[in-house]
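Numbering (this note's numbering), first residue to last: 7 to 443.
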């Protein structure tokens, strides 16, 4: 599992076991004792799974699968709502397949990333906001804003892109006046602010948590003092195009086929508008990531569902003549693709796909070191983030190179000096363990 996903699982597990609080999560007893790197909503929700299922190896995988199902369900609801006038609800499998086959999407949902929950909340937000354009405007705007607010509580500003919904709706459809558009956007901001105000009144400590998060993560990223992963601001763009290349190629092939087949019916003007609208929403969820030099492709995963949705809207026009039987088979295929991810997770029950040796060493170490122990280590191990994460997630062991005295010690090598002052030492493949009487 990717390092970030292991870290999030460790924090959630700690929270479930009473280590740290909802607004002051703890990573380890020696590193990030107060974790403000992200808002805590993801950890709070995942900790419920740990409370119900224990510290089992499969907990975060079941949570991830649940997020996958939730995101897929939201995508189906959105499809049925958008295509209702055209009676295309039976093709809801199409956006699912196009979305889940994007490699970064599958990777995100198998590595316990925050973007899973941001994706689900964002799709639901777009769904409710789209419904508000046809019925029960106030209720649906409120629900859409609530989903966006939860997404913000998972990963901050990256979850705010549904805020652009009515602006793009005005630019593409011209259904509302500019005054009405600004009014609805303003209503989203008002509801969003009221939700935070209510939270700060009910849970005063949440104000400090979000303030520290903004200072540590958001402001420092804008100032370029946080982790820098890109050499220039446009570094994400070619990666984004590469990730979406299969969708672009599919749409291009369909376009060429339509041009050569004169009997094929092309897109209507309204159909083209809807596609442009969802492409713009996808761009709103991805391009703003380039305002800082902290860029990774998986940050844009919440926007991929909208690009896949737009591609499905474009392709579906040319496959409506497919027999119903084939359509149903394709629908079942979509369900099978999603189910395979669960089977793969179950298959990995007794084996680790990555870092197997390190995890086996940690399991062996647990026979000698009780949980919630601070173990002294050398400087090299103290900066080995993978070792820190796995020790905390699976053994609840913290390490530090500043501990003055400890019965246990880990080293990256079999030091003769350490052997002389300890009564037991075991050379694992990943580290050497020393123990005093």
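Where is the CB? At the ideal position from N, CA and C, for every residue including glycine.
Determine the closest residue to residue i out of the options, with distance taken between C-alpha atoms.
i	options	result
residue 379	364, 415, 366 and 95	415
residue 312	289, 296, 321 and 297	289
residue 452	158, 180 and 215	Any property of residue 452 remains undetermined from this structure, which presents the chain solely from 7 to 443.
residue 398	420, 371 and 385	371
residue 22	49, 13 and 7	49
residue 99	83, 112 and 110	83
residue 196	293, 176 and 169	169
residue 384	61, 411, 239 and 291	411
residue 114	54, 11, 190 and 178	11
residue 16	260, 61, 241 and 176	61
residue 36	431, 395, 433 and 9	395
residue 13	52, 128 and 29	52
residue 112	172, 7, 216 and 241	7
residue 164	69, 301 and 280	301
residue 211	20, 232, 294 and 29	29
residue 129	143, 88, 110 and 142	88
residue 292	209, 373 and 240	240
residue 386	400, 413, 418 and 373	418
residue 310	253, 321 and 432	253
residue 90	388, 373 and 280	280
residue 388	38, 20 and 24	38
residue 261	287, 249, 319 and 245	319
residue 6	243, 199, 219 and 63	The structure shown has nothing for residue 6, since the chain only spans 7 to 443.
Within 10 Å of its beta-carbon, does residue i have 16 or more other beta-carbons around it, so buried, or fewer, so exposed?
i	result
residue 95	exposed
residue 390	buried
residue 4	For the chain, the structure presents residues 7 to 443; residue 4 sits outside this window and is missing.
residue 230	exposed
residue 356	In this predicted model, residue 356 has a pLDDT of only 44, less than 50, meaning its place in the structure is not dependable; the value taken from the coordinates is given anyway. Residue 356 is exposed by the Cβ-count criterion.
residue 235	exposed
residue 190	buried
residue 144	exposed
residue 101	buried
residue 227	buried
residue 401	buried
residue 162	buried
residue 104	buried
residue 485	Examination of residue 485 is not possible in this model, given that the chain is present from 7 through 443 alone.
residue 137	buried
residue 110	buried
Please report the straight-line C-alpha distance between residue i and residue j, rounded to a whole angstrom.
i	j	result
residue 149	residue 174	19 Å
residue 93	residue 79	19 Å
residue 131	residue 151	7 Å
residue 73	residue 263	36 Å
residue 107	residue 314	10 Å
residue 71	residue 77	10 Å
residue 18	residue 155	20 Å
residue 381	residue 406	6 Å
residue 26	residue 32	5 Å
residue 393	residue 160	25 Å
residue 403	residue 140	54 Å
residue 135	residue 146	6 Å
residue 462	residue 420	For residue 462 there is no data in the structure shown, the boundaries of the chain being 7 and 443.
residue 298	residue 363	36 Å
residue 67	residue 116	7 Å
residue 409	residue 296	41 Å
residue 167	residue 194	12 Å
residue 352	residue 282	Unreliable positioning characterises residue 352 in this predicted model, as indicated by a pLDDT of 47, which lies under 50. A coordinate reading is not provided.
residue 361	residue 34	20 Å
residue 285	residue 238	24 Å
residue 207	residue 247	44 Å
residue 430	residue 424	10 Å
residue 317	residue 181	23 Å
residue 376	residue 9	23 Å
residue 255	residue 214	47 Å
residue 373	residue 75	37 Å
residue 142	residue 133	13 Å
residue 277	residue 321	11 Å
residue 209	residue 413	40 Å
residue 324	residue 153	33 Å
residue 20	residue 265	58 Å
Cβ of residue i within 6 Å of any heavy atom in the ligand MN?
i	result
residue 139	Looking for the ligand MN in the displayed structure turns up nothing, as the structure carries no ligands at all.
Please decide whether residue i counts as near chain D, where near means a Cβ-Cβ distance under 7 Å.
i	result
residue 266	Of the chains in the structure shown, none is chain D; there is only one protein chain.
Quiz item: With contact counted as at least three CB pairs below 8 Å, one residue from each stretch, are the region 220-230 and the region 34-45 in contact?
Solution: Segments in contact, yes.
Quiz prompt | Contact between the region 432-441 and the region 365-375 (3+ Cβ pairs under 8 Å) | solution = By the Cβ test, the region 432-441 is in contact with the region 365-375, since at least three Cβ pairs between them sit closer than 8 Å.
Quiz item: Can you list, in chain order, the stretches of the alpha helix (DSSP H) that have 4 or more residues and sit fully within the region 253-309?
Solution: Runs found: 275-290.
Quiz item: Any chance the region 197-215 sits against the region 176-185, with 3 or more Cβ pairs inside 8 Å?
Solution: No, the region 197-215 does not touch the region 176-185.
Quiz item: Do three or more CB pairs link the region 303-310 to the region 117-132 at distances below 8 Å?
Solution: In this structure the region 303-310 lies against the region 117-132, because at least three pairs of beta carbons, one per stretch, are closer than 8 Å.
Exercise. Write down every uninterrupted run of the alpha helix (DSSP H) in the region 384-435 whose length is 4 residues or greater and which is fully enclosed by it, in chain order.
Key: Listed in chain order, they are 385-388, 391-396 and 422-427.
Quiz item: Which ranges would you report for the alpha helix (DSSP H) in the region 167-241 if only whole runs of at least 4 residues count?
Solution: Segments of the alpha helix (DSSP H) lying fully in the region 167-241: 171-179, 184-208, 211-219 and 226-229.
Self-check item: Whole alpha helix (DSSP H) elements within the region 34-79, 4-residue minimum
Solution: Qualifying alpha helix (DSSP H) stretches, in chain order: 47-59.
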